[in-house]
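Just so we're aligned, residue 1 is where the sequence shown starts under full-length UniProt numbering, counting upward by one.
Here a beta-carbon is modelled for each residue, glycine too, at the ideal position from N, C-alpha and C.
Computed from a predicted structure; not experimentally measured.
Okay, structure first, notes after.
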Amino acid sequence: MNWHMGKVLPGLYVGNYRDSKDHAQLERFKISHIIAIHDSPRRLLPDKHYLCVMASDTPDQNLSQYFSVCNDFIHAARLREGNVLIHCLAGMSRSVTVAVAYIMTATHLNWKEALKVVRAGRAVANPNAGFQSQLQEFEQFKLSEERRRLRERFPSSALEQLDRTKVATALDNYQELLQNRDICEGNCSRGEKCPTGADQDVDGVNIGQGEEEDEGEGEGLGKVRRSLAYTLNFAVDQWKSSTIKKDPNNDPPPDFSLGKDLMPSVRYYDPECDKGQFVKNVDSDNDEEQYIAFKTSTKLEAKSTSKLKKRRVPKSESCNQSCLEKP
């Protein structure tokens, strides 16, 4: 199975935890923005924009509450010609769900079509059943309003034609990949080996689909759920302890004092100002003037605040007191 990050739209990639630490990949694809969405997300690289979303890969996890903030983060980055990596742990469920929600919002596609676009770029994409239900509900009840909100916040239509062309190509590629059995449709029969290897062993745990009967349990366990989401959740627990061990040299401990709380369980990190929260307005004609004014005003505030620690940074990158305060 190819566990490397996959391109699903121009400027938008989906991958796993390892991809988020792979400097070669990050450099190759010029990743400037990262959405880390898993149980313990944190900023690993200080030179990247980060959106850290704490969420578990369980069907009852409310992931749709984060769609809007993720959409804004992705769209703003792409309009500025940045490249966004969305990653969870395995790059199969949570990150895929967020990518699908964005593609639905930024294009004319429904959730099933948007999922096909993601699968064309990342064959193992397969949100758990709960996330698929949330995507369906999002389409039925919230998508129209979210599309309107995103277009009002980001009036630029620079990406529309490009995305329209790319998703059409991706859907054509999806059908070809499906016919060649190079891609997972997400409904493999029990006992059937997925052509993409999506049912491979991860540290000895088979990541399969469907259900099977445990005949020896009687009134005990009964049916043992074997859905991708259920088994992946168990496999990841082992994966964490083996392949995602903390490396004191490469994995600095999270410093939550540097981020900006956007909503519960969501934190934003801006590399342009180590402890700041200013994000340039992509819709403004005088954006540079706003940014210069921001830096000038905050520099004066910083000088007048005796409690602030002096930092060796260029004057143009000075931060205001609110940037430096712990949330």
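Residue from the options with nearest C-alpha to residue i
{"i": "Ile37", "options": "Leu89, Arg28, Arg153 and Tyr174", "result": "Leu89"}
{"i": "His87", "options": "Ala55, Gly15 and Leu171", "result": "Gly15"}
{"i": "Ala123", "options": "Thr107, Ala99 and Met92", "result": "Met92"}
{"i": "Asp47", "options": "Lys21, Val53, Arg147 and Glu152", "result": "Lys21"}
{"i": "Tyr268", "options": "His4, Arg181, Arg43 and Asp39", "result": "Arg43"}
{"i": "Pro59", "options": "Glu152, His4, Leu135 and Tyr13", "result": "Leu135"}
{"i": "Asp19", "options": "Leu12, Leu9 and His4", "result": "His4"}
{"i": "Ala101", "options": "Val8, Ser40 and Thr165", "result": "Val8"}
{"i": "Ser265", "options": "Tyr13, Leu12 and Pro41", "result": "Pro41"}
{"i": "Asp57", "options": "Trp111, Leu109, Leu150 and Phe131", "result": "Phe131"}
{"i": "Gln65", "options": "Leu143, Leu45, Arg181 and Asp163", "result": "Leu143"}
{"i": "Met104", "options": "Arg94, Phe67 and Ala77", "result": "Phe67"}
{"i": "Leu12", "options": "His49, Ala77 and Pro271", "result": "Ala77"}
{"i": "Val167", "options": "Arg148, Arg149 and Trp111", "result": "Trp111"}
Distance, residue j Cα to residue i Cα
{"i": "His75", "j": "Thr97", "result": "16 Å"}
{"i": "Gln209", "j": "Pro155", "result": "Residue placement at Gln209 cannot be trusted, given a pLDDT of 41 that sits under 50; what the coordinates show is reported in the next sentence. Approximately 42 Å, taken between the alpha carbons."}
{"i": "Ala24", "j": "Phe141", "result": "41 Å"}
{"i": "Glu27", "j": "Ile35", "result": "16 Å"}
{"i": "Phe29", "j": "Gly6", "result": "10 Å"}
{"i": "Arg80", "j": "Phe138", "result": "27 Å"}
{"i": "Cys52", "j": "Gln179", "result": "37 Å"}
{"i": "Glu146", "j": "Thr107", "result": "11 Å"}
{"i": "Glu176", "j": "Asp261", "result": "43 Å"}
{"i": "residue 329", "j": "Asp72", "result": "Residue 329 lies beyond the stretch modelled for the chain, which goes from 1 to 327, so this question has no answer here."}
{"i": "Leu159", "j": "Thr165", "result": "10 Å"}
{"i": "Ala114", "j": "Leu63", "result": "17 Å"}
{"i": "Tyr17", "j": "Asp39", "result": "12 Å"}
{"i": "Pro271", "j": "Asp172", "result": "38 Å"}
{"i": "Ala99", "j": "Leu45", "result": "22 Å"}
Assigned exposure category for residue i - 16 Cβ within 10 Å defines buried
{"i": "Asn128", "result": "buried"}
{"i": "Ser133", "result": "exposed"}
{"i": "Asp203", "result": "Note on Asp203: pLDDT 38, under 50, position unreliable in the model; no value is reported."}
{"i": "Ala170", "result": "buried"}
{"i": "Pro10", "result": "exposed"}
{"i": "Arg181", "result": "exposed"}
{"i": "Arg94", "result": "buried"}
Own chain residues within Cβ distance below 6 Å of residue i, not counting five before or after
{"i": "Ala125", "result": "Val96, Val118 and Arg119"}
{"i": "Ile31", "result": "Asn83 and Leu85"}
{"i": "Gln61", "result": "Ala55"}
{"i": "His33", "result": "His49, Ala77, Gly82 and Val84"}
Per DSSP, cross-strand counterpart(s) of residue i
{"i": "Gly6", "result": "Val14"}
{"i": "Tyr269", "result": "Tyr50"}
{"i": "Leu85", "result": "Tyr13 and Ile34"}
Beta-carbon proximity list for residue i, same chain, < 7 Å, skipping 5 on both sides
{"i": "Met263", "result": "Val69"}
{"i": "Arg163", "result": "Contrary to the premise, residue 163 reads as Asp rather than Arg in this sequence. So the qualifying residues of the chain are Leu9, Ala106 and Thr107."}
Cutoff 8 Å; reference residue i; Cβ partners in own chain excluding five residues on either side
{"i": "Tyr174", "result": "Lys116, Val117, Arg119, Ala120 and Ile183"}
{"i": "Leu109", "result": "Ile103, Val117 and Val167"}
{"i": "Arg149", "result": "Ser68"}
{"i": "Gln161", "result": "none"}
Any C-beta of chain D under 9 Å from that of residue i
{"i": "Leu45", "result": "This model lacks chain D altogether, as it is built from one protein chain only."}
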